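> Taking the numbering used here, the leading residue of the sequence shown gets 73, the next gets one more, and so forth. Sharing a structure here in C-alpha cells format.
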Amino acid sequence: ALEKEKKAIWHLPPVKISGGACLVVFAVKGKNDDGNGRELTARLKLPKEGGVVRLLAPDGSVQSEVEYGPLAPDQSLQRLPDGTYAGTYRQSPGFENTPEGHEAACARIDARRNGPLLVWEVMCRAQRSDLNWVKLKNVSDSVVDLSAYHLSRKMGKDGLPLPAKTVKPGETVCIPIAGKRGNPNGIPFKWGKAETVVLTKDGRFVDGVCARPSVYGTSVSRSAGRPGFFICPSPARNTDNGAKGRRYVAPEPQFGCKPGLYGEKELCLHLNTGGRTVHYTLDGSEPTLASPHWKDSLVITRSTVVRAFAEGDSVSLDSPVATATYLLGTDHDLAVMNISIDKEDLYDYNRGIYADGPDYSPEIPHLGANFWKKWTRNAHVEFFDGKEGFSQDCGLKIFGGFSRYEAKKSFCLKFKRAYGSSKVHYDFFGNGQTPELQDLVLRSGSQDYNRCMIRDEFFTSLLQAQSPTLLIQMYRPVALYINAEYFGLYYIREKIDPHFVASRLHVAGDSVNIIMSRGYNEVGSSVPYRQLMQYISTHDMTDRACYDYVRQQVDLQGLIDYKLGEIYSGNTDVGNIRYVRSTDPQSDRKWHFVFYDLDATWVGDNPASYYLAAGPNAAASNVAVHNIMINRLLANNDFRALFLTRLSHHMQHTFSPENTTAVFDRLVGQIRQEMKYNCERWPQLSYTQWERNIAAFREKFATRPQTVLNDLRRYLSVSEAENKQYFEKLGF
C-alpha cells in the first residue's frame, strides 16, 4: 500500500512488476482506479508544500519512504541511482531516472502528440515581458487554420483564441506576447507560476510545455528529429533555435561552507564542482568564461562574496551562477543582508545607478542624474537571520523621491520571472509570517538618515497598533552589505503596490486601485476617486443622505486616524498620500489610506489648520487640496463625534507619553549598536550627535499631546460639553 503521512492509505491492485521495471501511479484527488490495464490513479493528493510518502508491506511495515519539501510548479522529487533524491523538471515516468530514461519518456510522450500543430518553442524569460513569444509549428502535410486553436496556461481553460492565420506544412509561426509594455502585435497571455503553455482545440488538449527549466535569457524548444524539449541559449524569434539547444542545465557548484557570518579572520573554502570546470569571481560581478578557474580550495582573509558557475558540455548549458557571501570578523545584533552586483552597475559614470552620470544637474535635487533614471540592474540578494536564510537572484534599482539626491540612497529589490522567480516567500519581517512579495524596499532613512534614522518607523509603529483599518507597511532593521562591504543600517519595507494592498484588504491584486497625491492614478483608474471628490466638494455633508453616501465610499475611521497621525507627527511632507480601494465584490469597496513616509516630521510646528483647513481655493493649494475631504466631513455632527472619539482614544493610548516613550525606547534599543557602525560608514552624522538627537526627540513626548490637543480644541471650537465628554478624563 501507499501511505501519505499516516493519513491516507491506497492499496495497490494485484499487478505484477518484473525485475527492474517501473510502475507509475498517478496521485490525484478523486476516485481510485483498480488498474484494469489502464494507468493507475490513487486518491492521494500530494501537497506541493511538502509531505511524506511511504510504501508499506502487507503487514504495515515501511519498505521505503521519502520526505519532500516544497516543490515548484511542474517539479518532482526524483530518486537517483545512488539512492539520494533531488528535485527535477526532467521526469521519466515508467523509465529509469537517468538521462536515457528521460529521453525514452520524452519519446513516449511525443508519440502521443501527433499534431498537426505543436508548441515548438517558448520564450518567457526575456529581459522585457514584451520580448517573449510562443512558436507553433505545423508538422502535418496539410494547411492549418490557427483560429481553431486556443492558448492557455492550464487545462480546463479555453484561453486565448489564436489569430486568423493559415500555417503551411512545415511552417513555423511566432506569436509575440503583449507583456506589460503592451506590444501591439502581441496577445495578452499570462504565463502563471508554472510558466506553462497549453494548446487546445475544441476544448481538448493538443500540446503543451512547461518552461520552468529555462533560465534567464533562454527558451525551451523542440528540435527536429529529437524527442522532448531543449533549452536554447540566446534564442531569436525568426530562427530554429532547437538545433543549438541542450537537454539539461549543468548543476550549480556547491559550496562546502555555509554562507553567513563568521567570527574567524580566515576561512578555507571548498567547492564541489561535480567534476566540471568552474569559473569564479570575488568582487560581486557574475563570472564569465574568462574568469579564473576554481582550484582545490580558496583561503579568504576578509569578507568576500564568491560567485561561481560550472561549464556545460555537449548535453548541458552552463550552470546558473551560485553565490555565497562570507562575512569574516563581523558581529551584528540585527539580521544581515548582502547584495552582490557588478560594481560598474552601481558606480560607472555612464551606466551606474548610484552615479551622478552625464545628465547630472548641479541644482538640488540633481534631476537628470543616473540615480533619477528608472534603471534596474541584475543582482543577487542573501539574507542571514540566524534561521534558514534566503538567497535569490533579483533586480536592483534606486528607490524613493527627493531622497535620491542624498548621499545614502534607498534601494528596491525586484523579483521577476526573468531573474528566476516572480515572487519571493520568506519571513523577512521576523513575525513568523511569510508574505508573498514581488518587490522589497531597502529604506536608507531618507531625509532622516543624518538626524534620528527612526522617525518613519516610530510614527508608523504608533499607529499600527491602534489603527486597525489604516494600511501600514511592515518593516525590519537590517545591516546591509554590498559585495561583502558594509553599507549601513537600512530598513526592509514592503513596497506600496497592488500586492501590498491586496494582502491588507484580502482581495485579488488585479482589483486594486491606488491613487497618489492629487488624484494621480498610480494603479487602476482615477475616475472613481475624482467622482467621489467632486461629490464631496459639491454636496452638503450635513445632509444625512449625502453623508451616508460618503460613509459607504470611505473608511472614515481610517481617514481620521491618518489625519491625527499627520497632526501629531507634524509631518511637513503631506503631499505623499495614497488612497487605495478594491473593486472586488467581496470587499467593502471603500477608499482606505496608507500611512507612510514620516521622515519629515517634528522639524517644524505646523498648526492643526495645516492638516484640516480647506478654503475656497483649496484645490489650487499643494497642501489644502488634501484637506478637502475631511474639512467637508467635519461639518457633519456624526463625523465630528467620531473625530473627537478617535482623538480622545489616541490621546489616551497611542500618543500618551507612557506609550510613545515605551515604543520609542524599544525601537532605539534595536538599532543603537548598529548606529555606531552606520555612523562610521556615513559620517554625515556622528554617533555622539545621533545620541543627542535621540534625546531631544524623546523630550517632546511629555508635551506634544497637550500641544496637539490645545491646538485642535481651538481649531474645532470644542464646546464645554464636548470637552467634558471626550477630554476631561485625559487629565490634560
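Glycine residues also receive a C-beta, built at the ideal position from the N, C-alpha and C atoms. Quantities reported herein were computed from a predicted structural model and do not represent experimental measurements.
My understanding is that alanine 382 touches alanine 308, with C-beta atoms under 8 Å, so please give their C-beta distance in whole angstroms.
Working through the sequence shown from its first residue, we reach residue 382 at position 310. Working through the sequence shown from its first residue, we reach residue 308 at position 236. The pair is not a contact, with the Cβ atoms about 26 Å apart (cut-off 8 Å).
> Could you pull out every unbroken alpha helix (DSSP H) segment of at least 4 residues lying fully inside the region 576 to 656, listed in chain order?
599 to 610, 616 to 625, 628 to 641
> State the DSSP-derived secondary structure class of tyrosine 521, mapped to helix, strand or coil.
As a working mapping, residue 521 is identified with position 449 in the sequence shown. The answer is coil: DSSP assigns tyrosine 521 none of H, G, I, E or B.
> Could you give the residue range of the alpha helix (DSSP H) that holds proline 305?
The residue given as residue 305 occupies position 233 in the sequence shown. Unbroken run through proline 305 is the beta strand (DSSP E), 298 to 305; no alpha helix (DSSP H).
> What would DSSP say about lysine 273, mapped onto helix, strand or coil?
Here residue 273 refers to the residue found at position 201 when the sequence shown is read from its first residue. If DSSP states are grouped into helix, strand and coil, lysine 273 belongs with the strands.
> By the three-class DSSP mapping on this structure, what secondary structure does glycine 109 have?
For the purposes of this step, residue 109 is taken as residue 37 along the sequence shown, with counting starting at 1. Residue confidence is low: glycine 109 scores 46 on pLDDT, short of 50, so the model does not pin down where it sits. Its coordinate-derived value is still stated next. Coil at glycine 109, not helix or strand.
> Taking just the CA atoms, how far does serine 518 sit from phenylalanine 530?
Counting from 1 along the sequence shown, the entry for residue 530 is found at position 458. Counting from 1 along the sequence shown, the entry for residue 518 is found at position 446. Approximately 14 Å between the Cα atoms of the pair.
> Taking buried to mean at least 16 other C-beta atoms within 10 Å of its own C-beta, is valine 245 buried or exposed?
Here residue 245 refers to the residue found at position 173 when the sequence shown is read from its first residue. Result: buried.
> So, leucine 116 versus alanine 99, is the Cβ gap smaller than 8 Å?
On the sequence shown, position 44 is the one that residue 116 refers to. On the sequence shown, position 27 is the one that residue 99 refers to. Yes; because the gap between Cβ atoms is below 8 Å, this pair is in contact.
> Provide the residue(s) that pair with glycine 159 in DSSP beta bridges, ordered along the chain.
Indexing the sequence shown from 1 puts residue 159 at position 87. DSSP lists Leu149 as partners of glycine 159.
> Identify whether histidine 83 lies in helix, strand or coil by the three-state DSSP scheme.
Taking the first residue of the sequence shown as 1, we reach residue 83 at position 11. Coil at histidine 83, not helix or strand.
> Which residue wins for smallest C-alpha separation from proline 359, given the options Asn344, Ile372, Val377?
Against the sequence shown, residue 359 aligns to sequence position 287. Among Asn344, Ile372, Val377, the Cα nearest to that of proline 359 is on Val377.
> Can you check whether the CB of tyrosine 221 is closer than 8 Å to the CB of threonine 17?
Residue coverage of the chain in this structure runs from 73 to 804, which leaves residue 17 outside it and unanswerable.
> Tell me the rounded alpha-carbon separation between asparagine 104 and glutamine 147.
Working through the sequence shown from its first residue, we reach residue 104 at position 32. Working through the sequence shown from its first residue, we reach residue 147 at position 75. Its pLDDT being 48, under 50, asparagine 104 is placed unreliably by the model, and nothing is read from it.
> If the criterion is Cβ atoms closer than 8 Å, does the pair arginine 576 and tyrosine 563 meet it?
Taking the sequence shown and counting its residues from 1, the one referred to as residue 576 is at position 504. Taking the sequence shown and counting its residues from 1, the one referred to as residue 563 is at position 491. No; because the gap between Cβ atoms is not below 8 Å, this pair is not in contact.
> Contact between the region 435 to 447 and the region 580 to 593: three or more CB pairs below 8 Å?
no
> So for cysteine 94, helix, strand or coil by DSSP?
The residue you call residue 94 lines up with position 22 of the sequence shown. Taken through DSSP and simplified to helix, strand or coil, cysteine 94 comes out as coil.
> Might you give, ordered along the chain, the residues of its own chain that have their beta carbon closer than 7 Å to the beta carbon of arginine 318, omitting 5 neighbours on each side?
Against the sequence shown, residue 318 aligns to sequence position 246. Around arginine 318: Phe302, Ile303, Gly384, Val387, Ser388, Leu389.
> Could you check the C-alpha separation between phenylalanine 667 and lysine 635 for me, to the nearest Å?
Position 595 of the sequence shown, counted from the start, is the residue given in the question as residue 667. Position 563 of the sequence shown, counted from the start, is the residue given in the question as residue 635. Take the alpha-carbon of phenylalanine 667 and the one of lysine 635: they are about 9 Å apart.
> Tell me whether the beta-carbon of alanine 490 lies closer than 8 Å to the beta-carbon of arginine 253.
Translated into the one-based positions of the sequence shown, residue 490 becomes position 418. Translated into the one-based positions of the sequence shown, residue 253 becomes position 181. Result no, Cβ atoms of alanine 490 and arginine 253 do not sit closer than 8 Å.
> Alpha carbon to alpha carbon, what distance is there between alanine 236 and asparagine 108?
For the purposes of this step, residue 108 is taken as residue 36 along the sequence shown, with counting starting at 1. For the purposes of this step, residue 236 is taken as residue 164 along the sequence shown, with counting starting at 1. No answer about asparagine 108 holds up, because its pLDDT of 43 lies below 50 and its placement is not dependable.
> Can you tell me the Cβ-Cβ gap for isoleucine 554 and isoleucine 413, rounded? I've got them flagged as a contact below 8 Å.
Along the sequence shown, read from residue 1 onward, the residue named residue 554 stands at position 482. Along the sequence shown, read from residue 1 onward, the residue named residue 413 stands at position 341. The distance from the Cβ of isoleucine 554 to that of isoleucine 413 is about 7 Å, consistent with a contact at the 8 Å cut-off.
> My understanding is that proline 299 touches cysteine 178, with C-beta atoms under 8 Å, so please give their C-beta distance in whole angstroms.
Position 227 of the sequence shown holds residue 299. Position 106 of the sequence shown holds residue 178. 4 Å between Cβ atoms; contact.
> Could you tell me the alpha carbon to alpha carbon distance between aspartate 279 and proline 392, rounded to whole angstroms?
For the purposes of this step, residue 279 is taken as the residue at position 207 of the sequence shown. For the purposes of this step, residue 392 is taken as the residue at position 320 of the sequence shown. Near 28 Å, if we compare the C-alpha coordinates of proline 392 and aspartate 279.
> Within the same chain, show all residues whose beta-carbon is closer than 7 Å to that of asparagine 731, passing over the 5 residues directly before and after it, in chain order.
For the purposes of this step, residue 731 is identified with residue 659 of the sequence shown, where counting begins at 1. Within the same chain, asparagine 731 has close Cβ partners His725.
> Would you call glutamate 454 buried or exposed, if buried means 16 or more other Cβ atoms sit within 10 Å of its Cβ?
Numbered from 1 along the sequence shown, position 382 holds the residue referred to as residue 454. By the neighbour-count rule (16 or more Cβ atoms within 10 Å), glutamate 454 is buried.
> If we count the other Cβ atoms within 10 Å of its Cβ and call it buried at 16 or more, is lysine 801 buried or exposed?
Numbered from 1 along the sequence shown, position 729 holds the residue referred to as residue 801. Classification for lysine 801: exposed.
> May I have the straight-line CA-CA distance separating glutamate 324 from glycine 332, to the nearest angstrom?
If you number the sequence shown from 1, residue 324 lands on position 252. If you number the sequence shown from 1, residue 332 lands on position 260. So the alpha carbons of these two residues sit roughly 19 Å apart.
> Report the option in Ala362, Leu341, Glu416, Leu542 whose CA atom is closest to the CA atom of threonine 397.
In the sequence shown, residue 397 corresponds to position 325, counting from 1. The candidate whose alpha carbon is nearest that of threonine 397 is Leu341.
> May I ask you to check if the CB of valine 350 is nearer than 7 Å to at least one heavy atom of the ligand ATP?
Because no ligand of any kind appears in the structure shown, any question about the ligand ATP cannot be addressed here.
> Roughly how far, in whole angstroms, is the beta-carbon of cysteine 484 from the beta-carbon of lysine 567, given that I think they are within contact range, below 8 Å?
As a first step, residue 484 is located in the sequence shown; it is residue number 412 there, counting from the start. As a first step, residue 567 is located in the sequence shown; it is residue number 495 there, counting from the start. Yes, they are in contact, since the Cβ atoms of cysteine 484 and lysine 567 sit about 7 Å apart, within 8 Å.
> Check whether the region 668 to 678 touches the region 639 to 655, counting contact only when three or more Cβ pairs, one atom from each stretch, lie closer than 8 Å.
With contact defined as three or more Cβ pairs closer than 8 Å, the region 668 to 678 and the region 639 to 655 are in contact.
> Excluding sequence positions up to five away, which residues of its chain have a Cβ less than 6 Å from the Cβ of asparagine 585?
Position 513 of the sequence shown, counted from the first residue, corresponds to residue 585. Counting only Cβ-Cβ distances below 6 Å, and skipping sequence neighbours, we find Gly596, Arg653.
> Using only the alpha-carbon positions, how far apart do alanine 690 and arginine 590 sit?
For this step, residue 690 is matched to residue 618 along the sequence shown. For this step, residue 590 is matched to residue 518 along the sequence shown. The alpha-carbon atoms of alanine 690 and arginine 590 are separated by roughly 12 Å.
> What did DSSP end up calling glutamine 505 once you bin it into helix, strand or coil?
Position 433 of the sequence shown, counted from the first residue, corresponds to residue 505. It is coil, neither helix nor strand.
> Whose C-alpha, out of Arg423, Glu478, Asn782, Gln464, is nearest the C-alpha of threonine 448?
For the purposes of this step, residue 448 is identified with residue 376 of the sequence shown, where counting begins at 1. The residue with the shortest Cα to Cα distance from threonine 448 is Arg423.
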